[in-house]
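For the sequence shown, the positions run 1021 to 1247 when the working numbering is used.
Structure record follows, encoded as structure tokens.
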Amino acid sequence: MQNKKIKYQLFEQKYLKSIIECINQCKGQSGAYDKDLGIYEEVTEDNCIFKLYPESCNTTIIAVDESKGDFVCGICPGIQLLNYMQDLRQECFENIVNERNLLDLQLLEPLIELNKYNKESLMIMNFGVRQGYENLKIGSNLIYLFSLNAKRLGYYLAAGLVYNPKSAHVFYKQNYQLFGQLDLIQQNLSEEIKQKVKSKYMFLMINLVQKSISDSKTQPTVQQSRL
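As structure tokens, then:
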């Protein structure tokens, strides 16, 4: 691990193939929400947020292992709250996917009121770090840089839905606060989901980036890409 050279930057088209591979790998790793539920929704170039919501290209931070060329080893995608909710409301032929989406929408309800009075909230979607890169603080750096970029773009807050307790700790270390939670066992869910979930709670973590994020020179930096 000592030989890895990690570069952080905004989304760039030349990394798209590796970005999609990174997202799919992270969604299938142990402890991931979809992995525990037995859901596999493959992200492709045609259905990724970068094609459906092009503004996400300006709000996504990636980590590139330059020792492996264009290998994306971590990602923190950004999507505007209203677009995220639109995505979650799409009906799927798999009931378990629809149940998952309804849970996410329920947890997002407290943000709707905030979104009426402030500039659009920016959501983290499909955040993850590839297996083998967990101990390099990549996740923490990605979230910090994501929040800093959200502030630069004028967003009022950044937020993420968190299932894995380890991920929740990473968010907390980057000034994200608990804004809502769901006890999954107490929800009116199918027995299929209740039997599969390994974490009891889902968390809504938010960061009021305009107030809490400083442009500290001691933090990792993000390179501007040609979008």
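Backbone N, C-alpha and C define an ideal beta-carbon position, used for all residues, glycine too.
Check: By how many angstroms is the C-alpha of D1090 removed from the C-alpha of Y1035?; Outcome: 6 Å
Check: Excluding the five sequence neighbours on either side, which residues of its own chain have a C-beta within less than 8 Å of the C-beta of S1210, listed in chain order?; Outcome: N1115, I1116 and E1119
Check: Using DSSP bridges, identify the partner residues of K1216.; Outcome: DSSP output for K1216 lists no bridge partner at all.
Check: Fully enclosed by the region 1126–1150, which beta strand (DSSP E) runs are 3 residues long or longer?; Outcome: 1142–1144
Check: How do the region 1067–1077 and the region 1212–1224 stand: do at least 3 beta-carbon pairs fall below 8 Å, yes or no?; Outcome: no
Check: Reducing DSSP to helix, strand and coil, say where A1179 ends up.; Outcome: strand
Check: Please state the DSSP three-state secondary structure of L1173.; Outcome: coil
Check: Among all the DSSP beta bridges, which residues are the ones paired with D1054?; Outcome: In DSSP, D1054 forms no bridge with anything.
Check: When the Cα of N1146 is compared with those of C1112, Q1194, G1048 and Q1197, which residue comes out closest?; Outcome: G1048
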